[in-house]
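Residue numbers 1 to 428, in our numbering, belong to the letters of the sequence shown in order.
Here's the structure, in structure tokens; my notes come after.
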Amino acid sequence: MNRKFVKCFYYLLAWLGLPLIVLLTCSKPRWRASLKKRLGWGVDFKELVGKEKRVVWFHAASVGEVAGIAPVITRLMESKDAKTRIVISTASITGQEEVIRRKLPCETFILPLDHPLVVKRFVKNINPTLVVIAETEIWPALFFELAKKRIPIVLVNGRISDYSFPWYLKFRWFFRVVLAEFSALMVQSGLDYQRFLALGVDKSKIAITGSTKYDKGEVVDEKKLVEFRRDIGLKGEELCFVAGSVRPGEDEIVIQAYKSLLKCFPALHMIIAPRHPEQFERVAQVLEKDAIKFRRRSLGSQSKEAQVVLLDSLGELALAYALADVAFVGGTLVDIGGHNPLEPAAHSCPVVVGPYASNVADVVQQMKARNGIVEVRNLEELEEKLHELLADSETRQQIGTAGYEVWKSNLGATERVAKRVLENNNSF
């Protein structure tokens, strides 16, 4: 299929589907709240782009993608010309909140609806000299409009999951054309490299640079760590189990495992951190149903006798991992692909994951090769392995150290990515 046909096909779908998209968006409260901004209504473009002559537009879907791209932005700010401005779009309100929480010196806005009429207005008013996309966010109408204006598009932390790849292959005729709009694609692994090649991307455009997510430092503010420990009621040598980025379906499993562990470790503390804010209340209800005393982090240090903390706050998971004696990384006991196991490994914390880790398969394999991770398949195995680790400090240290070494070996992607971004644009 040629480019003209694919473009016309997508634009036709965009126009025909617009009423349905708006209807579905209005039916979801968290999307309804941002619909006007997605359509470009109420967006102050003059304030967004400022008076600078050049604007570089980054896009990061949500919290995880913002965290991954933050080191790149920080690095590029060091090279930034005084007349260049960086702006960041996100696909979610929580993504915007993460940009603000990280105090990135950039204006942020909600990604426009991928409709030719809408993206045309955004591109015209922002007029970027470069667009940088985090991971594999594919927005055909936006890409076609940028290409028409001869604005380069660069992909960083690129990846294609096990779930998406068969579907992409089925519609290769479409994705080959859309992906051709990228000037450069920086991917996380050799597997991702092969998958982009299979979709028809010119190999001269692809480079394996790793993931900048792994460049997030292991150092946490010691004062904040002391305050956090005090606020959650963790004292002395009490053991702490952290379940991070847990998803619906596995939070119940984690809670049941914790209840079982209390029989042998009655002083065991647990910090449970749902992946998304909209799950905070539901997890609270699960804890209440199981008659588990807990404190909500958002309410401060109430219920001091409670040994369980519901981490219903943003930006504190690293503090939790720094205190953990063992950590379970979520998204791995349910079939969604998993989350980053190097986040706790960066704190020398032994890591436990489930069998579903296709999104982070490269680092999981590296950690397995060094005996720096423990894999379980179900509740029974989770209970068993957690019991073994909590009972054996020497094993915890060995696994934690091995995982930390894997984390260290994956550093450096930020410099590689920043260098290639600079090569693809002279705005900095």
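Backbone N, C-alpha and C fix where the C-beta goes; we use that ideal spot for every residue, glycine too.
| message | Please tell me whether Pro112 and Arg3 are closer than 8 Å, where the distance is taken between their beta carbons. | response | no
| task | Kindly list the residues whose CB is nearer than 6 Å to the CB of Ile232, restricted to its own chain and excluding five residues on each side of it in sequence; keep chain order. | result | Val309
| message | Comparing C-alpha positions only, which one of Leu411, Val352, Asp362 sits nearest to Gly400? | response | Val352
| query | Comparing alpha-carbon positions, which option in Arg416, Gln188, Glu383, Arg54 lies nearest Cys264? | reply | Glu383
| task | Run the CB neighbour count on Phe228, radius 10 Å, all protein chains shown included, and call it buried at 16 or more, exposed below. | result | buried
| task | Any chance you could list the alpha helix (DSSP H) runs of at least 4 consecutive residues sitting entirely within the segment 217-300, in chain order? | result | 222-231, 251-261, 280-289
| request: Look at the alpha carbon of Ala141 and the alpha carbon of Val417, and state the distance between them as a whole number of angstroms. | output: 25 Å
| Strand pairing of Ala184, partner residues [DSSP] | Val154
| First and last residue of the uninterrupted beta strand (DSSP E) at Leu452 | Nothing can be reported for residue 452: it is not among the residues displayed for the chain, which extend from 1 to 428.
| said: Which runs of the alpha helix (DSSP H) at least 4 residues long sit entirely within the segment 58-107? Give them in chain order. | reply: 63-79, 93-101
| field | DSSP state of Leu199 mapped onto helix, strand, coil | value | coil
| request: Please list, in chain order, all residues of the same chain as Lys289 whose beta carbon is under 7 Å from its beta carbon, the five residues on each side excluded. | output: none
| query | So what's Ala361 in DSSP terms, helix, strand or just coil? | reply | helix
| task | Report buried or exposed for Asn378, applying the criterion of at least 16 other Cβ atoms within 10 angstroms of its Cβ. | result | exposed
| To which residues does DSSP link Arg54 through a beta bridge? | Thr84
| request: Spell out the partners DSSP gives Ala327 in its beta bridges. | output: Val242, Val351
| task | Would you tell me roughly how many angstroms separate the C-alpha atoms of Leu35 and Glu65, rounded to the nearest one? | result | 21 Å
| said: In whole angstroms, give me the CA-to-CA distance for Pro128 and Ser183. | reply: 15 Å
| query | Taking the alpha carbon of Glu381 as the point to measure from, which residue in Val119, Ile253, Arg54 has its own alpha carbon closest? | reply | Ile253
| DSSP three-state assignment for Glu305, whether helix, strand or coil | coil
| query | Do you know whose CA, among Ser92, Ala14, Ser79, lies nearest Pro29's CA? | reply | Ser92
| request: Please check the pair Arg102 and Thr414, which I expect to be a contact at CB under 8 Å, by giving their CB distance rounded to whole angstroms. | output: That belief does not hold up - the Cβ atoms of Arg102 and Thr414 are roughly 15 Å apart, past 8 Å.
| Identity of the residue in Pro248, Lys83, Ala147 nearest Val123 by Cα | Ala147
| task | Run the CB neighbour count on Phe349, radius 10 Å, all protein chains shown included, and call it buried at 16 or more, exposed below. | result | Before going further, note that residue 349 is Cys rather than Phe in the sequence given. Flag for Cys349 reads buried.
| query | By how many angstroms is the C-alpha of Asn157 removed from the C-alpha of Phe241? | reply | 30 Å
| message | Taking a contact to mean a Cβ-Cβ separation below 8 Å, would you say Ile272 touches Asp251 in this structure? | response | yes
| request: Consult DSSP for Phe165 and reduce its assignment to one of helix, strand or coil. | output: helix
| said: Any contact between the segment 44-64 and the segment 11-24? By contact I mean 3 or more CB pairs, one from each, below 8 Å. | reply: no
| query | Rounded to the nearest angstrom, how far is the Cβ of Gly190 from that of Val246, given a contact under 8 Å? | reply | With 8 Å as the limit, Gly190 and Val246 do not qualify as a contact, their Cβ atoms being about 30 Å apart.
| query | DSSP three-state call for Ala14: helix, strand or coil? | reply | helix
| field | Cut-off 8 Å between Cβ atoms - residues of its own chain near Val406, not counting five sequence neighbours on either side | value | Leu342, Ala345, Val363, Gln366, Met367, Arg370, Gly372
| message | Would Trp139 and Asp114 qualify as a contact pair, given that the criterion is a beta-carbon distance under 8 Å? | response | yes
| In this structure, does DSSP put Phe109 in helix, strand or coil? | strand
| Hey, would you say Thr429 sits closer than 8 Å to Ile336, going by beta carbons? | Only positions 1 to 428 of the chain appear in this structure, which leaves residue 429 out of reach.
| field | Per DSSP, the bridge partner or partners of Ile208 | value | Val187
| field | Lys224 to Ser298 span [Cα, whole Å] | value | 15 Å
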